[in-house]
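What follows is a short report on a single structure.
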Amino acid sequence: MCAWLLARTSVPSLHLSGVDQDRFFGRALLSRTRSFTRGEDALWLFSTLTSLAALAIVAWRLPRSVAGMGLGRIGSAVVLAMVTLVTLWATELPFGIADLWWQHHYGLGPFNVGAWLASQWSALAPAAIGILLAVVLLVGCAGRFRSRWWVPAGLSIVAIASAFAFVSGYLDAVGTQPLHDPVLRSDVRRLERIEHVTGTPVRVQAVSSRTNQVNAFTEGFGPSTHVVLWNTLFTQHFPRRELNVVIAHELGHVRSRHIVKAIGWAALTVLPTLLLVGLVTRRRGGLANPANLPLAFLVLAVLALVTAPAQNLVSRRYEAEADWRALNATRDPVAARRLFESFARTSLEQPNPPLLDYLWLENHPTLMQRIAMTRAWASLHRP
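Residues in the sequence shown are numbered consecutively from 51, following our numbering.
Take a look at the structure:
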C-alpha cells in the first residue's frame, strides 16, 4: 500500500509510444547519439565490473588484517570503511577521466581534469561522511542489539538520509548566483504561483568550465528547497519559453514533493536491505564483527545493480510527472517539444535507447516519450 501511494502521480493514462524519431531528428544526429551512447555504455559496463571485482578482492583480503589493528569494533569499522571507499574511488577514477575525455571528444565540454576533480571532491566529501556515519551506526547496533540490529539501524539511517536531504538544499546553493534577468525572475514568480510553491529560490550554478551540457535540479525540502539551473542554459542561449519549461519542470518536482517521496522509498527499502545483509554475513558473525563490512559493501553493490531497473522506473514516473506539471503550468507544448529535441544536440541523448540502456541507465523518460507527452497534452487541450 505504501509503495502504491508513493508511486502514484498526477499524470493521466497516456499512450506514449509509436512516435517516429526520424520525424524529429536527422539521420546524422541519430547516428552521432548512437555512437556516443555505445562508448558511454562500454565505460559504464567496465567500470561496474571493475568496481565489483575490487569489492570482491577487498572482501576476501581485508578482513584478515582486522585482528591486528587493535582499534576496537568501531575504530576497526571506520578504518575498513575508509579503505573500501578509497579503493572504490581509485578504481572508478580512470573510468571517470575516460568518460570526461569521451564527452570532450564529442564536443560536450572541455577536457579539464582539474575542474572535474574539484566537482567530484565537493560531492565526495559529504557522501563519505554520510557513509562513515552509517557504518558506525550499523556496527554499533549490530554489537548491541545482535539479531534485531537491523531495526534500530534502519530507522537511524533513514533519519540520517532525511537530514542530509534537508541540508543538501542549502549546501548545493552555496556558490550559486541569483537570476539576473528581471523578465525571467518575473516568469519564475508567475510559475511559482501556478505551481503553488511561492517563494522557492531559483539560482544559477556556473558549470561551463567543465561541461557544455545543460541541466537543472531540485534539492532540499521545506525551507531548504532550492532549484538550481546550470549556466549553460544561458550560455547556449535557450529561448525564454524553453527556459520557462525547465523552471516549471523543477517547480513541478517541488510541488509533487518528490524528494520527500524519495525518503519514503528509502524508509520502505532500508529494513529489508539490512535484513538481507545480516543474513549474508550471519555465518561470519554478522556486522558485530567489523571484518564483515567489506562483504556487506559487496552485497549492497550487487543489490543496487540488480534493483537499478526498479529505481529507474520510479525516477522516470516522477520525471514524467514534473514534465506534465510543466506543460500544465506553461501551457506551451511547442516550447517543451523543442526543449526535448535540443537535448539530443546538447547532451547527445539517444531519443529511443536500447532496452538494456532504458532499464539500467535511464532515470528519465526517453526523448521520444517526452515528445509524445507534449503531443498528448496538446490533443487533450485542443480548443
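Every residue gets a Cβ at the ideal spot worked out from N, C-alpha and C, and that includes glycine. These figures come from a predicted structure and were not determined experimentally.
Here residue 322 carries a helix assignment [DSSP, helix/strand/coil]. Taken in chain order, the unbroken stretches of alpha helix (DSSP H) that lie wholly in the stretch 221 to 281 and span 4 residues or more are 232 to 245.
Here the C-alpha atom of residue 176 lies approximately 11 angstroms from the C-alpha atom of residue 215. Judged by beta-carbon spacing, residue 302 lies within the 9 angstroms limit of residue 376, meaning their Cβ atoms are closer than that value. The Cβ atoms of residue 401 and residue 417 sit closer than 9 angstroms to each other. For residue 404, no alpha helix (DSSP H) segment is defined, and its DSSP state is neither H nor E. Inclusion of residue 260 and residue 169 in the CB contact set at 9 angstroms is warranted, their separation being smaller than that value.
Residue state for residue 62 is assigned as coil, using DSSP reduced to three classes. In the three-state reduction of the DSSP assignment, residue 432 falls in the coil class, being assigned neither a helical nor a strand state.
Shown here for residue 379: same chain residues with a beta carbon closer than 6 angstroms to its own, the five before and five after excluded, namely 241, 244, 245, 298 in chain order. Rounded to the nearest angstrom, the gap between the Cα atoms of residue 370 and residue 414 is 7 angstroms.
Taking the C-beta atoms as reference points, residue 264 is found nearer than 9 angstroms to residue 283.
In this structure the stretch 246 to 254 lies against the stretch 227 to 237, because at least three pairs of beta carbons, one per stretch, are closer than 8 angstroms.
DSSP places residue 156 in no alpha helix (DSSP H); its state is neither H nor E. Distance between residue 268 and residue 223, taken at the CA atoms: about 10 angstroms. Counting C-beta pairs closer than 8 angstroms gives fewer than three between the stretch 325 to 338 and the stretch 285 to 296, which falls short of the contact rule.
Across the set 104, 285, 61, the C-alpha of 104 shows the shortest separation from the C-alpha of residue 352. The shortest C-alpha to C-alpha distance from residue 186 to any of 152, 362, 132 is the one to 132. DSSP, read as helix, strand or coil, puts residue 199 in coil. DSSP places residue 361 within a helical segment (H, G or I) once states are collapsed to three. Within the same chain, no Cβ atom closer than 7 angstroms to the Cβ of residue 51 is found once the five residues on either side in sequence are excluded. Annotation: the continuous alpha helix (DSSP H) that includes residue 88 extends over 77 to 111. Around the Cβ of residue 356, a 10 Å sphere holds fewer than 16 other Cβ atoms; the residue is exposed. Residue 422 and residue 92 have their C-alpha atoms some 29 angstroms from each other. Going by beta carbons, residue 160 and residue 341 fall outside the 9 angstroms limit.
Setting aside the 5 residues that flank it on each side, residue 218 is surrounded in the same chain by 269, 270, each with a C-beta closer than 7 angstroms to its C-beta; the list follows chain order. Remark: fewer than three beta-carbon pairs, one from each stretch, lie closer than 8 angstroms, so the stretch 147 to 161 and the stretch 122 to 136 are not flagged as touching. With a contact defined as Cβ atoms closer than 8 angstroms, residue 53 and residue 409 miss out at about 19 angstroms. Distances from the CA of residue 361 to each of 157, 412, 286, 59 were compared; the closest alpha carbon is that of 412. Annotation: the continuous alpha helix (DSSP H) that includes residue 290 extends over 290 to 306. Residue 69 carries a coil assignment under DSSP once its states are collapsed to helix, strand and coil. Residue 392: member of the alpha helix (DSSP H) spanning 383 to 396, first to last residue.
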